[in-house]
Every structure is written in structure tokens, then in C-alpha cells.
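Using the numbering used here, read the sequence shown as starting at 20 and increasing by one per residue. No residue lacks a Cβ here, since even glycine has one placed at the ideal position from N, Cα and C. Just so you know, these numbers come straight off a predicted model, no measurement behind them.
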Amino acid sequence: MNNFWVALVGMTCITFSCRYFFFSKTVPFELGTKTKRLLSYTAPSVLTAMWVPIVFLGHQSADSDFITSPFLIAGLVTVVLSLKIKNTLVAVGLGMSIFGLLKVIF
């Protein structure tokens, strides 16, 4: 159990020190333009890593085929809505509503 606490304290120190540079006003630290551009892809990448397994593998946990999966249909409708509406909150809300409706139907 001793190694657990050493690892936990070590990870805590690493996480704190990495974030301290960005939030501290006393340490003059500025990211380059390439790094800022690279980091702008972080949120879409993380969100994609979250929804892809749910949409494409969600039918395995339900009693439905891949084509008639509420996960897939609601995901595709949400993508289309997000392209048309351009308001993320409304698109996600409508997508969740459609998913709930599809779960009741299927």
C-alpha cells in the first residue's frame, strides 16, 4: 500500500505543477501560436473519443440491430441538427430528446 501513496502524491505534484504555470500570475509563461493551435483540437478530440464507442457499440447493450439502434439514429440526427442549428445546447437537447423518444419506441 506504500507504493500507492507514493504514486498518488507523485501524480498530484505533477498535475499541480503543470496547471500552476497556466493559472499563476507570478510565473510569466506564454504558449506559442503552434501550441495554442494544437490545443484547440483537444475538446473535439476528447468528445469524439467519448461518443464514438457509445454510438457505434451502444446497440450491443440493447436489444436492437445496428441500423435500428437508438444510439446511432439519435447520434446522426444530432450531427445533422448541429450542422443546421449552430447552437450546441439546443442541438444536444434535441438529440437527447430524440434519443429518449427512440428508446421508448424501440
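Which value, in whole angstroms, describes the spacing of the CA atoms of Leu113 and Thr97? Within the model, the alpha-carbon separation for Leu113 versus Thr97 is close to 7 Å.
Alpha carbon to alpha carbon, what distance is there between Ser101 and Val111? 8 Å
To the nearest angstrom, how far is the alpha carbon of Ile33 from that of Ile124? 49 Å
Grouping DSSP H, G and I as helix and E and B as strand, with all else coil, what is Ser43? coil
Within 10 Å of its beta-carbon, does Ser88 have 16 or more other beta-carbons around it, so buried, or fewer, so exposed? By the neighbour-count rule (16 or more Cβ atoms within 10 Å), Ser88 is buried.
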